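Peer 1:
2 protein chains.
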Amino acid sequence: MKIKEFQKMIGDIYLARDAARGPDKSFLWLLEEVGELTRAYRRGELEPLGSEMADVIAWLASVANLLNIDLEAELLRKYPKMCLLCQSVPCRCPAR
Amino acid sequence: MKIKEFQKMIGDIYLARDAARGPDKSFLWLLEEVGELTRAYRRGELEPLGSEMADVIAWLASVANLLNIDLEAELLRKYPKMCLLCQSVPCRCPAR
Numbered sequence: 479m480k481i482k483e484f485q486k487m488i489g490d491i492y493l494a495r496d497a498a499r500g501p502d503k504s505f506l507w508l509l510e511e512v513g514e515l516t517r518a519y520r521r522g523e524l525e526p527l528g529s530e531m532a533d534v535i536a537w538l539a540s541v542a543n544l545l546n547i548d549l550e551a552e553l554l555r556k557y558p559k560m561c562l563l564c565q566s567v568p569c570r571c572p573a574r
Numbered sequence: 479m480k481i482k483e484f485q486k487m488i489g490d491i492y493l494a495r496d497a498a499r500g501p502d503k504s505f506l507w508l509l510e511e512v513g514e515l516t517r518a519y520r521r522g523e524l525e526p527l528g529s530e531m532a533d534v535i536a537w538l539a540s541v542a543n544l545l546n547i548d549l550e551a552e553l554l555r556k557y558p559k560m561c562l563l564c565q566s567v568p569c570r571c572p573a574r
């Protein structure tokens with residue numbers, strides 16, 4: 479799934495609730511999820527870690543939607559080095 | 479860009495350094511980036527917010543790579559509701 483599609487999906491599901499809650503309280507939710515992720519990591523509970531990471535990304539997407547931030551565009555602006563053909567850094571395309 | 483491609487790209491660029499640093503110190507870097515994001519949000523500095531969100535996602539990908547967590551798979555497991563045809567929740571495909 480593309481990052482842009484995921485952010486749009488989170489908007490489709492949650493934007494109305496996120497907007498009613500507002501950005502401040504939504505940001506606090508994001509930080510709560512970061513706390514849950516940290517607790518699971520600190521305790522060595524590897525099984526829920528992936529799920530907690532998913533929650534952090536989902537809340538980032540919620541806050542980004544409220545602030546009109548395009549996460550995929552921001553990631554591509556910050557990490558533009560990937561070869562679009564072979565999708566590797568550095569490029570591993572066979573010599574042409 | 480797909481979430482899976484982004485995670486792989488972060489591995490291509492940073493995995494050697496992340497592995498040398500280890501998961502504990504990499505997790506602390508993640509939390510530092512969460513702190514920078516929170517500071518920018520709290521101060522109302524909207525311009526760097528997208529860039530700070532990108533950093534948080536990149537460090538999540540670094541930690542996930544060290545722990546063999548597939549972020550895209552975790553996100554799809556947690557948020558499986560998107561229609562794969564129209565990429566909306568709920569499905570908005572024209573009636574067929």
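Residue numbers (my numbering), protein chains in the order written: chain W, 479 to 574; chain H, 479 to 574. Glycine is no exception: its CB is placed at the ideal position from the N, C-alpha and C atoms. Bear in mind the structure is a predicted one, so any value in this text is a computation, not a measurement.
(1) Check distances from the C-beta atoms of the stretch 513 to 534 of chain H to those of chain W and list, in chain order, the residues that come in under 8 Å.
(2) Using beta carbons (cut-off 8 Å, strictly below), is W/K480 in contact with chain H?
(3) Are W/M479 and H/K480 touching if we call contact CB-CB under 8 Å?
(4) Return the CA-CA distance between W/L549 and W/R521, expressed in angstroms with no decimal places.
(5) Compare the beta carbon distance of H/V541 and H/E511 with 8 Å and say whether it is the shorter of the two.
(6) Excluding the 5 residues flanking W/K492 on each side, which residues of the same chain have their C-beta closer than 6 Å to its C-beta?
(7) Do we get a CB-CB distance below 8 Å when we pair H/K556 with the residues of chain W?
(8) Determine, using beta carbons only, whether H/L493 comes closer than 8 Å to chain C.
(9) Determine, for W/E510, whether the minimum Cβ-Cβ distance to residues of chain H falls below 8 Å.
(10) For H/A536, which residues in chain W fall below 9 Å Cβ to Cβ?
(11) Just by C-beta distance, which residues in the stretch 538 to 549 of chain H are closer than 7 Å to chain W?
(12) Would the beta-carbon of H/L508 fall within 8 Å of that of H/E530?
(13) What residue from W/L527, W/A518, W/G513 and W/S504 has the CA that sits closest to H/K556's CA?
Peer 2: So, from the listed chains and residues:
(1) T516, Y519, L524, L527, G528, S529, M531, A532, D533 and V534
(2) yes
(3) yes
(4) 30 Å
(5) no
(6) The question names Lys, yet the displayed sequence has Tyr at residue 492 of chain W. So the qualifying residues of the chain are S540.
(7) yes
(8) Considering every chain present, this structure includes no chain C. Its protein chains are W and H.
(9) no
(10) L553, K556 and Y557
(11) L538, A542, L545, I547 and L549
(12) no
(13) W/L527
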